[in-house]
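In the working numbering, the protein residues as written are 1281 to 1986.
Beta carbons are placed, not taken as given, at the ideal position from N, Cα and C, and that holds for glycine.
Step one of this worksheet: look at the structure below.
This is the structure:
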């Protein structure tokens, strides 16, 4: 009765939402999806009817994460506010039929349009662009069957005024690039497969004479990201051929992200030589073969650089300091640095050095002092071992970077030197990361609050101190230096994994608990932490990191048993904001208890489980899908038979597709020979953001597109 009376008193003394000022209400409404504002909230009262159509809310419409939007909602939205929309982002709306694009023609004042991931034919694109005369920024996909000859003269006139173009290629083509004669920013994503579905080898050759068509004279930013495959390399060389003839004078960002080996040719060498003579860059990323062993970096000139990526290069720390930082030159403008896989970048030289040798702390200190405004730093995929020198541990030096928002580190870099040398790991941790005899560990127990965790950890822990100093960190990745996912891009699932680094053997529950100090953490990746015994630190993270939206866990503890399952289920009960969950662990049992705990994550949208010899309970999956209404992606690659997987996938689609238009379900045996064929049908948004494992810190320059 007391509780009821208190609630009644609060209601009578409460402030009516409509009594707030227009400015406050507009700020609140800015967090509501535009479709809800226009189609629902607007109809509640006169005041909201006016505010929901305010220019600050209708100027930019974002549909790219609105998984509930359908064709009818888009049609009504364009009908109601089409003329008020200046920027429209429909990227990744793969579930919308191609006819939906026809309604975009109502947005006569559109300046920026993103249709990446949306099915659009040449004729439909032509009709749409013909009516968008003010368009200056465009993002589209070029799929098999695209024919530039079908573009009308009105469409080409619109393209001639476009200054920013993002183009994802699924077939060898120049797309609309030749029509864009005023390009200043060109972003190219090459997703062309080497083989067709029928098994035929594809060619990267384009029409003879077309290579001179692209217009780069006004280009300021050139970015190309290649998926694995030789065809992608062939096609990108044709795009670069024009640049090698004449380098744009205003070019200030040149970035090429290419996996594996991408050999330098005479044309690309001429391009780089021309760049060294004629331009000053603010952002640079090159394939490792173009940098390794060359004196290129010594000749390139930089203005006020904000992004560098030397991922997988053999660049030594000495060269990094001399050629890039210029012996300690002030680089306060640099905000993003990717040194992932750059195994010698913190050593003075690489000629006689082993990858596991200690780093030179003076190089890292010079980097920290010179680049004091870094917001994104990636040091993963390398062995960065600190020496026993007091005050020179990698974690201690990184703690000076107070502006960091995202950080990626190898597991072996966060261990205390004294702990790893003097205190060898306990017996259970010496079990190799292979599928041997299972070890009985009993019922896992773990402390229930942060205070208990802190009492278990040595107060002088360098990683605990680092986490305490980076209170505003939003993204953290701790990945084993030898970790490789069981799901590579275009190959069969990997069956054997390399053992973790010896220095990483002591990293476990207490280090994970230290992460719970990051109050504003939004994205967390933990991979190949061998000393996880109970997963107790995960519970602290669930309790303390209430902003956590993305969680990726892979190969924690012993490989023969999921030792942290109890703690994980406890953690999930507190993750109210979690939207994306990726789990990769052999022998993972996705049963009723797990899915019951996961059902507490009311905001969850995407789930991916990769487990060799893993099992699942079909009825538990169905119950979970019924209780978590926001889930639109369910990918599970387990050890179940193909028949079980297909039946479950069909049941989920049949039961939930009608009310969840964006639903994407893939349930398939991990070690099946047709896995790569199944993967190629996954929407690129999900494949790139969650299904495939990779380090995403400083992967590309911040704010590259939207």
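Just list the alpha helix (DSSP H) runs in the segment 1907-1984, keeping only unbroken ones of 4 residues or longer that don't cross its boundaries, in chain order. Within the segment 1907-1984, the complete alpha helix (DSSP H) runs of at least 4 residues are 1922-1936, 1955-1959.
Beta-carbon proximity list for residue 1856, same chain, < 8 angstroms, skipping 5 on both sides: 1826, 1880, 1881, 1882, 1883
Within the same chain, show all residues whose beta-carbon is closer than 7 angstroms to that of residue 1937, passing over the 5 residues directly before and after it, in chain order. 1943
Measuring only the C-alpha atoms, how far is residue 1874 from residue 1974? If you take the alpha carbons of residue 1874 and residue 1974, they lie about 25 angstroms apart.
Euclidean distance between Cα positions of residue 1722 and residue 1849: Residue placement at residue 1722 cannot be trusted, given a pLDDT of 47 that sits under 50; the coordinates are not used to answer.
Counting beta carbon pairs with one atom in the segment 1801-1817 and one in the segment 1830-1837, are three or more of them shorter than 8 angstroms? yes
Decide if the segment 1764-1773 is in contact with the segment 1505-1523; the criterion is three or more beta carbon pairs, one per stretch, under 8 angstroms apart. yes
Please look up how many angstroms separate the CB atoms of residue 1563 and residue 1585, rounded, as I've assumed it's under 8 angstroms. 7 angstroms
Could you give the DSSP three-state label for residue 1889: helix, strand or coil? strand
What runs of the beta strand (DSSP E), each 3 residues or longer, lie entirely inside the segment 1590-1644? 1616-1618
To the nearest angstrom, report how far apart residue 1665 and residue 1650 are at their CA atoms. 22 angstroms
If you reduce the DSSP assignment to three classes, tell me which class residue 1874 lands in. helix
Quick one: is residue 1758 buried, meaning 16 or more other Cβ sit within 10 Å of its Cβ, or exposed? Under a 10 Å Cβ-count criterion, residue 1758 is classified as buried, with 16 or more other Cβ atoms of the shown protein chains found around its own Cβ.
Span of the alpha helix (DSSP H) holding residue 1510? 1510-1525
Sorted by chain position, which residues of the same chain lie with C-beta nearer than 7 angstroms to residue 1413's C-beta, five sequence neighbours on each side aside? Counting only residues of its own chain and dropping the five nearest sequence neighbours on each side, residue 1413 has a CB closer than 7 angstroms to the CB of 1438.
Pick helix, strand or coil for residue 1298, following the three-state DSSP scheme. It is helical.
Backbone CA spacing between residue 1981 and residue 1464 [nearest angstrom]: 16 angstroms
Whose C-alpha, out of 1541, 1568, 1528, 1460, is nearest the C-alpha of residue 1556? 1528
What number of angstroms, rounded off, separates the C-alpha of residue 1984 from the C-alpha of residue 1842? 39 angstroms
Measure the alpha-carbon distance for residue 1863 versus residue 1918 and round it to whole angstroms. 11 angstroms
For residue 1565: DSSP bridge partner residues: 1535, 1589
Any idea if residue 1839 is buried or exposed, counting beta-carbon neighbours within 10 angstroms, 16 or more meaning buried? buried
List the residues that DSSP assigns as beta-bridge partners of residue 1560. 1581
Could you pull the DSSP bridge partners for residue 1481 from this structure? 1475
If you compare alpha carbons, which of 1583, 1552, 1614, 1866 is closest to residue 1569? 1552
May I have the straight-line CA-CA distance separating residue 1662 from residue 1761, to the nearest angstrom? 5 angstroms
Whole-angstrom distance between residue 1561 and residue 1579, CA atom to CA atom: 12 angstroms
Please classify residue 1673: is it buried, with 16 or more other beta-carbons within 10 angstroms of its beta-carbon, or exposed? The residue is buried, with at least 16 neighbouring Cβ atoms inside 10 Å.
How many angstroms separate the CA atom of residue 1941 from the CA atom of residue 1604? 49 angstroms
Kindly indicate which residue of 1389, 1865, 1600, 1353 has the alpha-carbon position closest to the one of residue 1363. With distances taken between Cα atoms, residue 1363 lies closest to 1389.
Under 6 angstroms Cβ to Cβ from residue 1410, same chain only, skipping five residues before and after it: list those, please. 1432, 1434, 1435
Apart from the five residues just before and just after residue 1956, which ones in its own chain have a Cβ nearer than 8 angstroms to its Cβ? 1770, 1771, 1772
Using a Cβ-Cβ cutoff of less than 6 angstroms, which residues in the same chain neighbour residue 1577 once the five nearest sequence positions on both sides are dropped? 1603
Looking only at its own chain, which residues have a Cβ that is under 8 angstroms from the Cβ of residue 1336, when we skip the five neighbours before and after it? 1306, 1310
Using the Cα positions of residue 1425 and residue 1533, report the straight-line distance between them to the nearest angstrom. In a straight line, the C-alpha of residue 1425 is about 32 angstroms away from that of residue 1533.
Name the two residues that bound the continuous beta strand (DSSP E) containing residue 1676. Counting along the chain, residue 1676 falls outside any beta strand (DSSP E), though it belongs to the alpha helix (DSSP H) covering 1674-1678.
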